[in-house]
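Sequential numbering of the sequence shown, starting at 7, is according to the numbering used here.
Below: one structure, written as structure tokens.
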Amino acid sequence: MSATILDGNKAAEALLESLKPSIKKLKPKLVIVQIGKEAASMSYIKKKIETCAKIGLEAEHRELPFETPIDKLFQTIEDLNRDPKTTGFIIQLPLPPHLRQATPLVFRAIDPRKDVDGFTAYNLGKIFLSTEFETLPPATPAGIIALLEYYKIPIAGKHAVIVGRSNIVGKPLAIMLLNRDATVTVCHSKTSDLRQKTLDADLLVAAVGIPKFVTNDMVKKGAVVIDVGVNRTETEKIVGDTDFDAIKEIASAITPVPGGVGPMTVASLIRNVVRAKEQQKNT
Ligand code: GUN
Numbered sequence: 007m008s009a010t011i012l013d014g015n016k017a018a019e020a021l022l023e024s025l026k027p028s029i030k031k032l033k034p035k036l037v038i039v040q041i042g043k044e045a046a047s048m049s050y051i052k053k054k055i056e057t058c059a060k061i062g063l064e065a066e067h068r069e070l071p072f073e074t075p076i077d078k079l080f081q082t083i084e085d086l087n088r089d090p091k092t093t094g095f096i097i098q099l100p101l102p103p104h105l106r107q108a109t110p111l112v113f114r115a116i117d118p119r120k121d122v123d124g125f126t127a128y129n130l131g132k133i134f135l136s137t138e139f140e141t142l143p144p145a146t147p148a149g150i151i152a153l154l155e156y157y158k159i160p161i162a163g164k165h166a167v168i169v170g171r172s173n174i175v176g177k178p179l180a181i182m183l184l185n186r187d188a189t190v191t192v193c194h195s196k197t198s199d200l201r202q203k204t205l206d207a208d209l210l211v212a213a214v215g216i217p218k219f220v221t222n223d224m225v226k227k228g229a230v231v232i233d234v235g236v237n238r239t240e241t242e243k244i245v246g247d248t249d250f251d252a253i254k255e256i257a258s259a260i261t262p263v264p265g266g267v268g269p270m271t272v273a274s275l276i277r278n279v280v281r282a283k284e285q286q287k288n289t
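What follows is the structure, given as structure tokens:
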């Protein structure tokens, strides 16, 4: 039997539609700061701007040169923190090599009330508490949860295995699944006997950044498989972190790449912009 394909475009459209009245009423504004012109970032940003335009959310793409020094970036962040017209902003990652080591310091400079990526220590720390405090959660984990909810896939009591422990996907997703009563295992490059762990997953999340890393012999029959990977092949085709064609014959549900997690990430970012505006109005 072939798996249900979890259509991120459809689920994202529903989420965005639900945000439209608030966007119309509150008129929030998103600013996307890009340093340099990294190819993958260009395409992510294009998608974000297009989606904002489609639902009537004001968005500005602020481009800084590749060689921007750290003090200029801090100045830009400070200006955005103070700008009353900017509801929220994101600094597109990865930063150019000369700034990369400073990534945690760069995020520390962002006002948590405008941190619509949910990457500051304050917003990440809040998600540790419970679902009620997930006000501005990181967009990709939040998008995965929203996709599971859209398809009414239960989380409580399930064994979720996440392959990948990044600060923006694996780690926060583990916490958000725990908040929803899953039992969570986080695997990474040093995990021993990975296959034994993934084979026990009811919900398997691949977020490693290696094309087709998760193969069908690593998946339990009937598992739900979420593919966070966006890997560009030499032919410019985008492939995920899972072997989609083989796994869809075993899994009960699976996300395609593209068209799975990606659109949900964008929709969750936009939800954060709306929430940030709502919060700012109340303080
Ligand atoms: N680069 C890849 N994904 C993301 C994201 O969600 N936010 C930012 N700021 N940069 C990214």
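For every residue, glycine included, the Cβ atom is placed at its ideal position computed from N, Cα and C.
Keep in mind the model is a prediction, meaning the values are calculated, not measured.
Helix, strand or coil at residue i [DSSP, three-state]
{"i": "Leu-179", "result": "helix"}
{"i": "Thr-189", "result": "strand"}
{"i": "Gln-202", "result": "helix"}
{"i": "Asn-10", "result": "Per the sequence shown, the amino acid found at residue 10 is Thr instead of Asn. It is a strand residue."}
{"i": "Asn-87", "result": "helix"}
{"i": "Asn-237", "result": "strand"}
{"i": "Ala-108", "result": "coil"}
{"i": "Thr-197", "result": "coil"}
{"i": "Ala-162", "result": "coil"}
{"i": "Asp-249", "result": "coil"}
{"i": "Arg-119", "result": "helix"}
{"i": "Ile-174", "result": "coil"}
Residue nearest to residue i in terms of C-alpha spacing, selected from the options
{"i": "Thr-261", "options": "Glu-66, Met-224, Ala-273 and Leu-154", "result": "Leu-154"}
{"i": "Asp-187", "options": "His-165, Leu-210 and Phe-139", "result": "His-165"}
{"i": "Val-211", "options": "Leu-183, Ala-282 and Ser-198", "result": "Leu-183"}
{"i": "Leu-25", "options": "Leu-275, Asn-288 and Thr-289", "result": "Leu-275"}
{"i": "Asp-13", "options": "Ile-116, Gly-265 and Pro-90", "result": "Gly-265"}
{"i": "His-104", "options": "Ile-41, Ala-20 and Ile-253", "result": "Ile-41"}
{"i": "Asn-185", "options": "Lys-33, Phe-95, Thr-146 and Glu-138", "result": "Glu-138"}
{"i": "Glu-290", "options": "Tyr-156, Ser-136 and Phe-80", "result": "Nothing can be reported for residue 290, as the shown portion of the chain is limited to 7 through 289."}
{"i": "Pro-27", "options": "Glu-284, Thr-289 and Asn-288", "result": "Glu-284"}
{"i": "Ile-232", "options": "Lys-226, Asp-247 and Thr-239", "result": "Asp-247"}
{"i": "Asp-206", "options": "Ile-244, Ala-257, Asp-85 and Arg-238", "result": "Ala-257"}
{"i": "Arg-277", "options": "Lys-16, Asn-15, Pro-34 and Ile-11", "result": "Pro-34"}
{"i": "Val-39", "options": "Arg-238, Lys-158 and Ile-83", "result": "Ile-83"}
Buried or exposed (CB count within 10 angstroms, at least 16 for buried), residue i
{"i": "Ser-8", "result": "exposed"}
{"i": "Met-270", "result": "buried"}
{"i": "Pro-75", "result": "exposed"}
{"i": "Thr-126", "result": "buried"}
{"i": "Ala-152", "result": "buried"}
{"i": "Pro-90", "result": "exposed"}
{"i": "Asp-77", "result": "exposed"}
{"i": "Leu-21", "result": "buried"}
{"i": "Leu-130", "result": "buried"}
{"i": "Gly-228", "result": "exposed"}
{"i": "Phe-95", "result": "buried"}
{"i": "Ala-162", "result": "exposed"}
{"i": "Leu-135", "result": "exposed"}
Cutoff 6 Å; reference residue i; Cβ partners in own chain excluding five residues on either side
{"i": "Lys-52", "result": "none"}
{"i": "Gly-124", "result": "Leu-142, Pro-143 and Pro-144"}
{"i": "Phe-72", "result": "Gly-42 and Pro-102"}
{"i": "Leu-209", "result": "Lys-164, Ala-166 and Val-230"}
{"i": "Ala-148", "result": "Ser-274"}
Alpha-carbon spacing of residue i relative to residue j, whole angstroms
{"i": "Pro-100", "j": "Glu-242", "result": "20 Å"}
{"i": "Lys-254", "j": "Asp-223", "result": "12 Å"}
{"i": "Val-214", "j": "Ile-174", "result": "12 Å"}
{"i": "Ala-45", "j": "Gln-98", "result": "12 Å"}
{"i": "Ala-59", "j": "Ala-65", "result": "8 Å"}
{"i": "Gly-62", "j": "Val-37", "result": "14 Å"}
{"i": "Arg-281", "j": "Ile-150", "result": "18 Å"}
{"i": "Arg-68", "j": "Pro-110", "result": "20 Å"}
{"i": "Arg-114", "j": "Lys-30", "result": "31 Å"}
{"i": "Thr-93", "j": "Arg-119", "result": "8 Å"}
{"i": "Ile-11", "j": "Leu-179", "result": "21 Å"}
{"i": "Gly-235", "j": "Asn-87", "result": "32 Å"}
Own chain, CB closer than 7 Å to residue i, minus 5 neighbours either side, in chain order
{"i": "Arg-106", "result": "Pro-100"}
{"i": "Gly-176", "result": "Ile-168, Gly-170, Val-192 and Ala-213"}
Cβ shell of residue i (< 8 Å), same chain only, five flanking positions each side left out
{"i": "Asp-249", "result": "Lys-218, Val-220, Thr-221 and Asn-222"}
{"i": "Glu-140", "result": "Lys-132, Ile-133, Ala-148, Met-182 and Asn-185"}
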